[in-house]
Amino acid sequence: MSADLAQKLQPHAKEIVIALGVILLALVLLAGKKKEKPVLDPVEFRPFKLIKKTQLSKNTYRASSTGSGVPYAFSTTSHGALRPGCASRQVRTGGARLPAHLIADRRYRFALPSPTASLGLPIGQHISIMANIDGKQVMRSYTPTSLDNDKGYFELVVKAYEQGNISKYLSKLNEGDSIMVKGPKGKFNYTKDLSPHLLMIAGGTGITPMYQIIKSSVMDPTDKTEIELIYANVDEGDIRESRGPGDSLHLVLREELERLSADSNNRFKLYDMIKERMHKAGVSSGSKVLLCGPPPMMTAMKGHLKELGYPAPRTVSKLEDQVFLF
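Residues 1423 to 1748 (our numbering) are what the sequence shown spells out, left to right.
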């Protein structure tokens, strides 16, 4: 039987050898292709090397009254009573108006394990950074401004404040130094069918989770979500770059936001100030509101939203809430 089968197959020996070779090669390739290990771990801190640091601006911020008699200034370290991922805090002072400390906005780019790797962070979530500072482990939360289609790296935009912990630590890093990161963290996860309309209100670098969501939405041609962003502080003096007379208003990521607005087919609109724009920003029934920024500003915004008929956000917001506080 075997001899008969071999005799019948002999005229096709060449084709059989080629077919077997193709199958063998495919098996070898499949065996060598291992499943890529996730870049982030929600429990374990992993090292990521700084490969580029860019200074975006250098601002002198002054303290301003919150209206409650408590002055404050904005920075991006999440030290004190903070909302995770916003990387903003209030600096309490003792007087009505005091000179503030020098602040610099910087963009940090960190390498991923391979040039084709993605961070794997759901849109709207954040990471934790840990460092040993003065003998203590300090952790802060930040939202990257990069997306998963940015291969081989992720980026953070952080405002360095001289009394900050992690922000000051980052500002002193040199290219080649590493930070320890874990994640993802957070309850928010943006998808294109989340809501037909998003109203975003952000202060300081509370802009970073908003920017991440906006960038993801605008880059997706199938996403029809209408987005309106109010990016504000108490007044223009708090966000004006101190370079001299005639300089235009400087906002963190301003150029990128304006470009995204231009590319959005009129789906994304950007506003600067709060009180003048609240009603003009398209607040409507059924829209979802996203908040991120310094606690005094967020308290004021919750009051404005309540006047418009929106429910108060929970202490810990959930994705299904109409008003989500990062």
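Built from N, CA and C at the ideal position, the CB exists for glycine as well.
Unbroken alpha helix (DSSP H) run spanning residue i, endpoints
{"i": "Ser1540", "result": "Taken as a continuous stretch (DSSP letters only), Ser1540 belongs to no alpha helix (DSSP H), as it is neither H nor E."}
{"i": "Leu1727", "result": "Pro1717 to Glu1729"}
{"i": "Lys1637", "result": "Ile1629 to Met1641"}
{"i": "Ala1684", "result": "Arg1676 to Ala1684"}
Separation of residue j from residue i, as counted between CA atoms
{"i": "Lys1607", "j": "Pro1717", "result": "20 Å"}
{"i": "His1619", "j": "Val1640", "result": "13 Å"}
{"i": "Tyr1633", "j": "Leu1472", "result": "22 Å"}
{"i": "Val1745", "j": "Phe1467", "result": "31 Å"}
{"i": "Lys1637", "j": "Leu1682", "result": "7 Å"}
{"i": "Asn1587", "j": "Ile1555", "result": "8 Å"}
{"i": "Asp1743", "j": "Pro1735", "result": "7 Å"}
{"i": "Leu1675", "j": "Ile1652", "result": "14 Å"}
{"i": "Leu1692", "j": "Leu1446", "result": "57 Å"}
{"i": "Lys1558", "j": "Ala1722", "result": "34 Å"}
{"i": "Glu1678", "j": "Val1738", "result": "30 Å"}
{"i": "Glu1680", "j": "Asn1688", "result": "12 Å"}
{"i": "Ala1553", "j": "Thr1644", "result": "40 Å"}
{"i": "Pro1537", "j": "Asp1572", "result": "10 Å"}
{"i": "Gly1600", "j": "Phe1532", "result": "It is Ser, not Gly, that sits at residue 1600 in the sequence shown. Each residue's Cα considered, the two are about 8 Å apart."}
{"i": "Phe1470", "j": "His1548", "result": "15 Å"}
{"i": "Ala1654", "j": "Lys1710", "result": "19 Å"}
{"i": "Gly1625", "j": "Asp1642", "result": "26 Å"}
{"i": "Val1579", "j": "Gly1715", "result": "15 Å"}
{"i": "Thr1399", "j": "Ser1686", "result": "With the chain covering 1423 to 1748 only, the question about residue 1399 has no answer from this structure."}
{"i": "Gly1491", "j": "Pro1733", "result": "For Gly1491, the pLDDT reaches just 31, beneath the cut-off of 50, and the residue's location in the model is therefore unreliable, leaving the point undetermined."}
{"i": "Arg1665", "j": "Lys1459", "result": "With a pLDDT of only 36 at Arg1665, under 50, the local geometry of the prediction cannot be trusted, and the value read off the model is given with reservation. Near 46 Å, if we compare the C-alpha coordinates of Lys1459 and Arg1665."}
{"i": "Ala1684", "j": "Phe1690", "result": "8 Å"}
{"i": "Gln1617", "j": "Lys1740", "result": "According to the sequence provided, residue 1617 is Ser. The question's Gln does not apply to it. Between Ser1617 and Lys1740, the C-alpha separation is close to 14 Å."}
{"i": "Met1602", "j": "Val1560", "result": "11 Å"}
Test item: CB-CB of residue i and residue j under 8 Å
{"i": "Tyr1612", "j": "Ile1649", "result": "no"}
{"i": "Ile1551", "j": "Arg1562", "result": "yes"}
{"i": "Leu1712", "j": "Met1622", "result": "yes"}
{"i": "Glu1577", "j": "Tyr1530", "result": "yes"}
{"i": "Ala1539", "j": "Val1461", "result": "yes"}
{"i": "Leu1478", "j": "Asp1527", "result": "yes"}
{"i": "Glu1597", "j": "Lys1475", "result": "yes"}
{"i": "Lys1614", "j": "Thr1647", "result": "yes"}
{"i": "Gly1574", "j": "Leu1543", "result": "no"}
{"i": "Lys1604", "j": "Asp1463", "result": "yes"}
{"i": "Lys1581", "j": "Thr1627", "result": "yes"}
{"i": "Met1720", "j": "Leu1747", "result": "yes"}
Beta strand (DSSP E) segment containing residue i, residue limits
{"i": "Tyr1693", "result": "Phe1690 to Tyr1693"}
{"i": "Arg1736", "result": "Note, Arg1736: premise wrong, no beta strand (DSSP E); not H, not E."}
{"i": "Ala1624", "result": "His1619 to Ala1624"}
{"i": "Leu1569", "result": "No beta strand (DSSP E) holds Leu1569; DSSP gives it neither H nor E."}
{"i": "Ala1654", "result": "Here Ala1654 belongs to no beta strand (DSSP E), and DSSP marks it neither H nor E."}
{"i": "Ser1550", "result": "His1548 to Ile1555"}
{"i": "Phe1756", "result": "Residue 1756 cannot be examined here, being either before or after the span of the chain that is shown, 1423 to 1748."}
{"i": "Lys1710", "result": "Lys1710 to Cys1714"}
Beta carbon proximity, residue i to chain B, threshold 8 Å
{"i": "Asp1572", "result": "Absent from the structure is chain B; it holds one protein chain and no more."}
Contact test: residue i Cβ vs the ligand ATP heavy atom, cutoff 7 Å
{"i": "Lys1558", "result": "Among the components modelled here there is no ligand, and therefore nothing to report on the ligand ATP."}
Does the contact criterion of 3 or more C-beta pairs under 8 Å hold for the segment 1716-1736 versus the segment 1588-1608?
No, the segment 1716-1736 does not touch the segment 1588-1608.
For a minimum of 3 consecutive residues, which ranges assigned as the beta strand (DSSP E) are wholly contained in the segment 1579-1607?
Those beta strand (DSSP E) runs which fall completely within the segment 1579-1607 and span 3+ residues are 1600-1607.
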